[in-house]
Structures are given as structure tokens and as C-alpha cells.
Amino acid sequence: MNGKNCQTLHGVLIKTDYNALQEDDILDRAALILRKIIRNIKPTRLPEDLTTDSLIKGECDVPQQLIKFYSQLISTKYPVKLSNNVARTAKSFSEDLIYAVTNGNIKTSKHINLGLAMKSLTNSKKIVNILNKYGHCCSYTVLEEFETEATFAATRRSMLCPDDIIPSKNLCTGLAFNNFDRFVDTATGKDTLHDTVGIMFQNIVDRPPSLPRPIAENVDEPETSVKRRRRTFDEITFELQSYNKRPKICETLTSVDSPLYSYDVDIKQLQFIDLAWAVSHFLKLSNIPAWVGYNSMIYQDNSFKQKISYLTTINASPTNTSVILETMRQAQQMAEECSEDYMEVTYDLAIAKVALQLQSTEKTKIQQFIHSPWILSHHDGVF
Numbered sequence: 000m001n002g003k004n005c006q007t008l009h010g011v012l013i014k015t016d017y018n019a020l021q022e023d024d025i026l027d028r029a030a031l032i033l034r035k036i037i038r039n040i041k042p043t044r045l046p047e048d049l050t051t052d053s054l055i056k057g058e059c060d061v062p063q064q065l066i067k068f069y070s071q072l073i074s075t076k077y078p079v080k081l082s083n084n085v086a087r088t089a090k091s092f093s094e095d096l097i098y099a100v101t102n103g104n105i106k107t108s109k110h111i112n113l114g115l116a117m118k119s120l121t122n123s124k125k126i127v128n129i130l131n132k133y134g135h136c137c138s139y140t141v142l143e144e145f146e147t148e149a150t151f152a153a154t155r156r157s158m159l160c161p162d163d164i165i166p167s168k169n170l171c172t173g174l175a176f177n178n179f180d181r182f183v184d185t186a187t188g189k190d191t192l193h194d195t196v197g198i199m200f201q202n203i204v205d206r207p208p209s210l211p212r213p214i215a216e217n218v219d220e221p222e223t224s225v226k227r228r229r230r231t232f233d234e235i236t237f238e239l240q241s242y243n244k245r246p247k248i249c250e251t252l253t254s255v256d257s258p259l260y261s262y263d264v265d266i267k268q269l270q271f272i273d274l275a276w277a278v279s280h281f282l283k284l285s286n287i288p289a290w291v292g293y294n295s296m297i298y299q300d301n302s303f304k305q306k307i308s309y310l311t312t313i314n315a316s317p318t319n320t321s322v323i324l325e326t327m328r329q330a331q332q333m334a335e336e337c338s339e340d341y342m343e344v345t346y347d348l349a350i351a352k353v354a355l356q357l358q359s360t361e362k363t364k365i366q367q368f369i370h371s372p373w374i375l376s377h378h379d380g381v382f
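Each residue of the sequence shown is one higher than the one before, counting from 0 in numbering that gives the first Met the number 0.
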């Protein structure tokens with residue numbers, strides 16, 4: 000039957016062997032069907048001008064037949080209820096199957112981004128190649144090529160705004176800068192390196208406007224063959240503009256008794272909520288979150304969801320006056336790129352104080368900023 004050898008008893012096919020034969024035949028046919036589906040995928044090769052969006056998307060979309068197959072396989076209920084966990088796992092297995100069947104010729108979103116994440120987190124070639132050997136991500140060499148080409152592409156763009164930020168008005172775009180400590184586990188606490196890390200946040204909209212991004216004209220790149228991606232990149236660094244003045248506030252600040260600082264809120268109600276939260280923790284009630292989470296359970300937040308993108312790190316301490324001036328200059332340029340009249344920037348309180356002094360001293364150079372009540376807490380400030 001179907002060219003298969005089956006065990007017989009006195010010339011009669013045993014029922015259990017017949018059932019096994021049917022199951023094997025179904026599995027073989029299912030494998031061939033899945034293989035055909037994968038072979039029919041038309042990949043979209045990654046462009047030469049690599050962006051984060053193209054890397055996140057990968058070279059193909061996962062066919063729904065594969066997701067349906069794995070959802071049925073791993074789900075414990077019938078009919079299948081496609082929960083977030085089932086959908087995520089089914090998509091992951093489907094991408095592994097595509098990568099394996101095509102022998103890595105189609106690089107899926109998972110195999111690019113999981114590899115880049117592990118490379119960034121561990122900085123280990125061995126770990127990445129172990130994952131690659133078991134079919135979970137691209138090889139270390141391929142990932143290096145992706146990173147390098149994406150870096151070259153980034154240097155060709157004249158905009159400071161990250162790729163996924165829409166350079167458009169009225170999307171509540173803002174910036175935040177803070178200190179990032181490196182090598183903080185030194186024995187004496189000294190020799191700790193301080194970097195300035197910035198983020199850019201923006202409202203997520205359903206129909207974002209499609210706007211062209213300008214390309215920088217003067218970028219020195221070695222001539223290489225298009226067929227082979229590059230794996231080396233000469234770092235491009237910018238020099239901080241030295242600032243030798245001593246900044247100071249030249250205006251009289253608004254008094255804390257000003258009506259501008261008054262808020263129409265029910266303080267007693269807020270105090271009652273804080274007391275209820277504290278008593279709940281004192282009584283060790285179960286499933287009581289921290290203060291922010293507790294308040295988020297009470298209040299309905301109808302604000303827009305926002306996306307966050309990292310800016311290029313400045314390899315210097317944010318308390319340096321020249322660094323603060325550079326962050327303000329970058330904020331001005333990004334405000335212009337987004338066609339905004341001003342840019343709101345959030346700093347640590349110690350940095351915000353110097354930024355306020357710089358803005359007061361350099362009025363003619365630094366104008367595109369708004370002053371809101373800038374002491375938000377014991378640690379944060381906005382200028």
C-alpha cells in the first residue's frame with residue numbers, strides 16, 4: 000500500500016499497522032505541503048540603504064498557513080484560541096522553519112533581530128554562532144555586515160531624528176537626556192565612565208504622514224563591490240564645542256507663589272489614595288503593585304501611546320557644560336526637522352539647572368525651548 004512494507008498476520012494487514020501507515024502518510028504529505036508553501040515565498044531582499052525598519056521587517060512575511068499549522072500544534076484548545084503567547088510562539092517557529100528550509104537564504108525578522116540583540120547584549124561571537132548553528136539567528140559575520148551597512152546608511156542621512164521618528168508637527172515629540180554610568184563596579188568607585196544617553200519619544204498615530212528624509216551629500220565612503228556587504232566602519236566622531244563662559248540666570252525667576260504654579264486638584268483625595276496604598280502594603284495584601292502601578296489601576300489614561308527611540312550616545316558626562324550645550328543644539332535641530340516651534344527636553348535636575356543658565360546666557364542662540372514648571376520631582380526637571 001503506497002509502496003510501503005506493512006506487517007501482516009496470515010496475509011491480513013494488522014489494524015494498528017494500518018493506522019500507523021495512515022499517520023505516516025499524512026505527516027509526509029503535510030511536510031511536502033509546508034515545504035511547497037515556503038518555496039513559493041517571494042522574498043524582498045534587504046536594500047543597500049539599510050534602515051531599522053527594513054531590518055525589523057526582514058526579507059519576507061510569514062505565510063498564514065505556517066502560523067495556522069503551528070498554532071494548531073501548540074495550542075491546548077480546539078478550536079484554537081490565538082492568544083498573544085500562541086501567536087508569538089507560532090510566528091517564531093514558522094520563521095525558524097523558513098530559515099531552515101531555505102538554508103538561510105531567506106533571512107526572517109527573527110533571525111536578524113534576535114541575532115543583533117544577542118550580539119549587542121553579550122558581545123560574544125561564540126554565543127551568536129551557537130544560536131546560528133541551531134537555526135535560531137543569522138551568523139555573526141552576516142550580522143556584522145548588517146550593522147556596518149546600517150551604520151553607513153545612517154551617516155548618509157543628514158537628519159538627527161531616528162529613522163522611526165516621523166518628522167512632522169503635532170505629534171507631541173520630545174527629548175530626554177540622562178547620565179549612563181559605565182564600569183560602575185570598580186572597587187573604589189573611581190574611574191567610572193559617564194556617557195550622555197538621549198531618547199526621543201513621539202505619539203503613535205494610525206495613519207502617519209509619509210515624508211521624505213533628506214540625504215547628506217558629503218559622506219566619505221570607500222568604493223566597494225555592491226555584491227559584498229562591508230564589515231568594517233571607521234568611526235565618525237564630532238568634536239564638542241568648547242564653552243568657556245560661566246553661564247548664569249539673567250532674569251528673575253517666577254515666584255513659587257505665582258498663580259502659574261497653582262493646580263486645581265483635590266489634595267485630600269490624593270492623600271487618601273496614598274494612605275490606602277501604604278496601608279495595603281503594611282497589611283501585606285496580595286497583588287498590590289508599586290505606587291505608579293497602583294495609581295494606574297485607579298485612573299483611566301486616555302493619552303496616546305508613544306514610541307521611544309535612542310539617539311547617538313555622547314561619550315562624555317552630561318554635567319559637562321559643553322555636553323549640555325550640544326544636547327540643546329541637537330534639540331533645536333530636531334525641532335526644525337519636525338517643523339515644531341520649540342522642543343521640550345527633560346533633564347536630570349542637576350543638568351536642567353545648567354541648561355536653564357545656558358538658555359538665559361545665550362538668548363540669541365538658544366530660543367526654541369519652552370519653560371514649563373520644571374521641577375517634577377526630587378530627581379527630574381524639564382526646561
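Glycine included, each C-beta is placed from N, C-alpha and C at the ideal position. Note that the structure is predicted; figures quoted are calculated from it, not measured.
- DSSP, read as helix, strand or coil, puts ASP60 in coil.
- In this structure CYS249 is exposed. Its beta-carbon is surrounded by fewer than 16 other beta-carbon atoms within 10 angstroms.
- In the assembly as shown, ILE164 is a buried residue. Its beta-carbon has 16 or more other beta-carbons within 10 Å.
- DSSP lists no beta-bridge partner residue for ILE272.
- Closest option to LYS41, judged by alpha-carbon separation, among ASP48, THR101, VAL278: THR101.
- When beta bridges are read from the DSSP output, ASN202 appears opposite GLN305.
- Looking at the DSSP output, LEU174 bridges to MET199, VAL344.
- The three-state secondary structure of ILE25, taken from DSSP, is helix.
- Going by beta carbons, GLU94 and LYS118 fall outside the 9 Å limit.
- Along the length of the region 83 to 150, whole alpha helix (DSSP H) runs at least 4 residues long occupy 83 to 100, 108 to 121, 124 to 132, reported in chain order.
- Distance from the CA of ALA354 to the CA of GLU336, rounded to the nearest whole angstrom, comes to 22 Å.
- In this chain, the alpha helix (DSSP H) harbouring ASN294 covers 290 to 297.
- Counting along the chain, no alpha helix (DSSP H) covers LEU282, and no H or E run does either.
- At the C-beta level, ASP194 and ALA315 come within 9 Å of one another.
- For the 9 Å CB-CB criterion, ILE365 and GLN332 do not form a contact.
- Distance from the Cα of LYS306 is smallest, within the candidate group LEU170, ARG328, PRO258, for LEU170.
- Of the residues assessed, ASN112 falls on the buried side of the cut-off, its CB having 16 or more other CB atoms within 10 angstroms.
- It is roughly 10 Å from the alpha-carbon of TYR77 to the alpha-carbon of SER70.
- Take the alpha-carbon of VAL79 and the one of LYS106: they are about 28 Å apart.
- By the Cβ-count criterion, GLU148 is buried, with 16 or more other Cβ atoms from all chains shown falling within 10 Å of its own Cβ.
- Only buried fits GLN358, as 16 or more other CB atoms lie within 10 angstroms of its CB.
- LYS67 and THR75 have their alpha carbons spaced roughly 14 Å apart.
- Collapsing the DSSP output to three states places ARG38 in a helix.
- Residue pairing by DSSP places ARG245 opposite no residue, since no beta bridge is assigned to it.
- Its Cα nearest to that of LEU252, the residue GLN356 stands out among ILE297, ASP162, GLN356, ALA29.
- Beta-bridge annotation (DSSP): PHE179 is paired with ASP194.
- By the criterion of a C-beta distance shorter than 8 Å, HIS280 is surrounded in its chain by ILE287, once the five residues flanking it on both sides are discounted.
- The shortest CA-to-CA distance from THR154 to any of LEU31, LYS352, THR311, GLU343 is the one to THR311.
- Annotated three-state conformation of ILE164 is coil, per DSSP.
- In the three-state DSSP reduction, ILE73 falls in the helix class (H, G or I).
- By the CB criterion at 9 Å, ILE198 and LEU174 fall inside the cutoff.
- Rounded to the nearest whole angstrom, the CA to CA distance from ILE73 to THR88 is 8 Å.
- Annotated three-state conformation of ILE313 is strand, per DSSP.
- For THR121 against GLU339, the beta-carbon gap comes to about 39 Å, at or over 8 Å, which does not count as contact.
- Between LEU142 and LEU115, the C-beta gap is smaller than 9 Å, which places the two residues in contact.
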